[in-house]
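First to last, the protein sequences are chains V and B.
Numbers in our numbering are just positions in the first sequence, counted from 1, shifted up by 30.
Numbers in our numbering are just positions in the second sequence, counted from 1, shifted up by 933.
Glycine included, every Cβ here is placed at the ideal spot set by N, Cα and C.
These numbers were taken from a predicted model, which means no experiment stands behind them.
Only one structure is covered here, and it is reproduced in the block below.
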Amino acid sequence: MNEVNVSMKINGKTVTGSVESRVLLAHFIREQGGLTGTHVGCDSSSCGVCTVLLDGYTPVKSCTMYAVMADGHEITTVESLAVGGKLHPMQQAFWDQHGLQCGYCTPGMMLSSIALLKQNPNPTEHEIREGLSGNLCRCTGYNNIVKAVQQAAQVMNQPELAAAADD
Amino acid sequence: MFPASFEYVRAHSSDEAFAHLQQHGSDARVLAGGQSLIPAMRYRLARPAVLVDINPIKEFSYLREENGFLVIGATTRDAQLEFAPFIKDRYSLITAVSAVVADPIVRHMGTVVGSICHNDPAGDWTATALAMRAVMVVRGPNGTRQVPIDQFLVDSYTTAVNEGEMALEVRIPIPDAHTQGSYQKIERKVGDYATCAAAVQLAMNADGTIRQAGIAITASGPIAMRVAAAESMLVGQRPTLELLKAAAAEAPKIASPNADQRGSSEYKKDMTRVLVGRGLKQALERLGVTA
Ligand SMILES: Cc1cc2nc3c(=O)[nH]c(=O)nc-3n(C[C@H](O)[C@H](O)[C@H](O)COP(=O)(O)OP(=O)(O)OC[C@H]3O[C@@H](n4cnc5c(N)ncnc54)[C@H](O)[C@@H]3O)c2cc1C
Ligand code: FES
Ligand code: FES
């Protein structure tokens, strides 16, 4: 067996394991990391539900990367978004705008959206649709997802909006 | 499905990668972005015994202009081209293609060099490299050599990279101010390979004649192909609508697309004509030339 030692930071916490080199990052996150928010939805690298962020804000399909390739790197998953029970502006926006139904695509969708806003803090509707075109959703028809990203963009650009909403 | 078991080796330098490849010969494959290789391994279409991961090689990640060429390193991602301002300003063909290869997430891992080395029959970068007359730099036992793209692309999934060798970079002549391109792709949905696509680049002389033409089609045969007859028909001529039409009509003559769920062979063949025609028109529009 081709076992390798793999160690990476997932959401700031070091996760280590001896796994076969053929283990995909998605499975490492779920099984070694115990974090099941990262979903696997297809066998063809085409749905994007497994999307996580690599070393900051690079979105990658964790089903199309071997865990060992992420050795020594930092991974961000959906579990890191809410802090102290308070939803991330992206999560709040998906909630407010009904950006999800079954929720299966939502972790990948939100992480892709966060990466998109990092690259382009004020995207047009067209840019949002293009930017999220690697993430499939079989439920919502996308309109509310686009609205959610628009809301999140507004809030993330003007944090005082979020503070006001809390009052 | 899980890929078959393999031995993973991590390379930190070009020398290290090359040594591993030499040692393992035909058992080894380079692992670049993995966006073609890992799916192929999951389907067990590929079962290499050894993967040499070149991603940790810092010196392989670059995108720069040097001696008249745009030089793209072996681990430079599609997204780096998509978001580089100088590319957007001056490379219309690359800008167009880098927004339609695969999907936005795949483009953060997938590399231009890896895509050309993969030589998929429907590859977008291979067609682009043909239209722009790129040169590949290959490292072999006798040092590095430059291979023009026409000789580099041998057959489906086969290139001039021999056993134990690797590609280091792709060099693309920098388009001057009188050069523009266009990428025309029909796809069923984002992230699908092309049903048919055409890459076009035109350079103009001051007198309004065409100085150079680069035209390639993909998803139209075993590999992306140069439509040489169309190119030579255009060079030295003033563009007219009849001339563009005649040039575009050369594309289906060399196309031999397979019928699949994306369309019949006849349909795809005719699309090579339509897309080359559209590409020529758009390149001229971008040049401010009316045909
Ligand atoms: C969902 C999806 C949709 C896609 N859609 C498209 C599309 O529309 N158009 C398109 O063109 N592509 C598409 N692709 C493929 C994608 O662009 C790949 O990234 C690309 O083809 C391969 O690049 P890579 O860096 O990932 O290479 P890898 O997958 O790592 O490698 C591919 C092959 O090239 C070899 N190789 C890589 N680098 C070198 C090197 N330096 N020297 C020698 N050999 C090397 C590898 O050994 C392997 O055999 C798609 C992929 C996915 C997952
Ligand atoms: S699980 Fe579908 S793209 Fe990763
Ligand atoms: S909410 Fe069900 S797939 Fe998107």
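Since I believe Leu964(B) is in contact with Asp948(B) (beta carbons under 8 Å), could you give me their beta-carbon distance rounded to a whole number of angstroms?
Not really, about 17 Å apart at Cβ, beyond 8 Å.
Sequence-distant residues of its chain with Cβ nearer than 6 Å to Ala1162(B) (five each side left out)
Close CB contacts of Ala1162(B) within its chain, under the 6 Å cut and outside five residues either way in sequence, are with Glu1183 (chain order).
Taking the alpha-carbon positions, what's the Ile1020(B) to Leu117(V) distance?
38 Å
Among Asn165(V), Gly63(V), Ile158(V), which has the Cα closest to the Cα of Val45(V)?
Gly63(V)
Where does Ser1025(B) fall in DSSP's three states?
Secondary structure at Ser1025(B): helix, using DSSP grouped into helix, strand and coil.
Within the continuous beta strand (DSSP E) that includes Asp126(V), where are the two ends?
Looking at the DSSP string, Asp126(V) is not in any beta strand (DSSP E); the run it does join, the alpha helix (DSSP H), is 119-126.
Could you tell me whether any non-hydrogen atom of ligand 1 is closer than 7 Å to the CB of Ser969(B)?
Yes - ligand 1 has a heavy atom lying nearer than 7 Å to the Cβ of Ser969(B).
Out of curiosity, what's the CA-to-CA distance linking Lys148(V) and Tyr87(V)?
7 Å
Are there 16 or more other CB atoms within 10 angstroms of the CB of Asn174(V), so buried, or fewer, so exposed?
Counting Cβ neighbours within 10 Å, Asn174(V) comes out buried, since at least 16 surround it.
Counting only beta-carbon atoms, is Met934(B) nearer than 8 Å to chain V?
Chain V, which has a Cβ nearer than 8 Å to the Cβ of Met934(B), makes this yes.
Below 8 Å CB to CB, which residues in the same chain sit around Ala1127(B) once its five sequence neighbours on both sides are set aside?
Ala1055, Asp1057, Lys1118, Ile1119, Glu1120, Thr1151, Ala1152
Is it right to say Lys43(V) is buried, meaning 16 or more other beta carbons lie within 10 angstroms of its own, or is it exposed?
exposed
For ligand 3, residues whose Cβ lies under 5 Å from any non-hydrogen atom:
This criterion selects Leu130(V), Gln131(V), Cys132(V), Tyr134(V), Cys135(V), Cys167(V), Arg168(V), Cys169(V).
Leu1063(B) beta carbon less than 8 Å from that of Ala1188(B)
no
Determine which residues share a DSSP beta bridge with Cys132(V) and list them.
Beta bridge pairing from DSSP links Cys132(V) with no other residue.
Min CB distance Pro981(B) to chain V below 8 Å
With 8 Å as the cut-off, Pro981(B) does not count as an interface residue toward chain V.
Counting only C-beta atoms, is Lys91(V) closer than 8 Å to chain B at any point?
yes
Where the beta strand (DSSP E) through Tyr1116(B) begins and ends:
Segment 1112-1119, the beta strand (DSSP E) holding Tyr1116(B).
Pairwise C-alpha distance: Thr81(V) and Ala145(V)
11 Å
Give every residue of the same chain whose Cβ lies closer than 6 Å to the Cβ of Asp1036(B), excluding the five residues on either side of it in the sequence, and list them in chain order.
Val1123, Gly1124
Using the C-alpha atoms, what's the distance from Val1033(B) back to Pro153(V)?
A straight-line Cα-Cα distance of about 18 Å links Pro153(V) and Val1033(B).
CB contact flag (Arg1072(B), Glu1096(B), <8 Å)
no
Whole beta strand (DSSP E) elements within the stretch 1127-1194 of chain B, 3-residue minimum
1129-1137, 1143-1151
Please list, in chain order, all residues of the same chain as Gly78(V) whose beta carbon is under 7 Å from its beta carbon, the five residues on each side excluded.
Lys91, Gly138, Ser142, Gly164, Asn165, Leu166
Quick one: is Val1039(B) near chain V, going by C-beta distance under 8 Å?
Closer than 8 Å: yes.
First and last residue of the alpha helix (DSSP H) that includes Asn35(V)?
Careful: Asn35(V) lies outside any alpha helix (DSSP H), inside the beta strand (DSSP E) at 33-40.
For Val1207(B) and Gly1043(B), what's the separation of their Cα atoms in angstroms?
29 Å
With a CB to CB cut of under 7 Å and the five nearest residues on each side skipped, what residues in its chain are close to Gln181(V)?
Ala123, Asp126, Gln127
In the stretch 966-980 of chain B, which residues sit with their C-beta less than 7 Å from some C-beta in chain V, listed in chain order?
Those residues of the stretch 966-980 of chain B placed with their C-beta closer than 7 Å to a C-beta in chain V are Gly967, Gln968, Ile971, Pro972, Arg975, ordered along the chain.
Lys1178(B) classed as buried or exposed, judged by whether at least 16 other C-beta atoms fall within 10 angstroms
Exposed, because fewer than 16 other Cβ atoms sit within 10 Å of the Cβ of Lys1178(B).
Boundaries of the beta strand (DSSP E) in which Leu984(B) is found, first to last residue:
983-986
Contact set for Val1004(B): own chain, Cβ-Cβ below 6 Å, skip 5 residues either direction
Take Val1004(B), set aside five residues on each side of it, and the residues of its chain with a beta-carbon closer than 6 Å to its own are Arg997, Glu1102, Arg1104, in chain order.
Under a CB-based cut-off of 8 Å, is Glu940(B) close to chain V?
yes
Could you run through the stretch 1012-1045 of chain B and flag, in chain order, every residue whose CB is less than 9 Å away from some CB of chain V?
Identification of residues in the stretch 1012-1045 of chain B having a C-beta nearer than 9 Å to some C-beta of chain V yields Ala1012, Phe1016, Ala1032, Ala1035, Asp1036, Pro1037, Ile1038, Val1039, Arg1040, His1041, Met1042, given in sequence order.
Check: Ala1094(B) C-beta below 7 Å from any heavy atom of ligand 2:
For the sequence presented, residue 1094(B) should be read as Val rather than Ala. Flag unset: Cβ of Val1094(B) not near ligand 2.
I need the DSSP call for Phe1002(B), collapsed to helix, strand or coil.
strand
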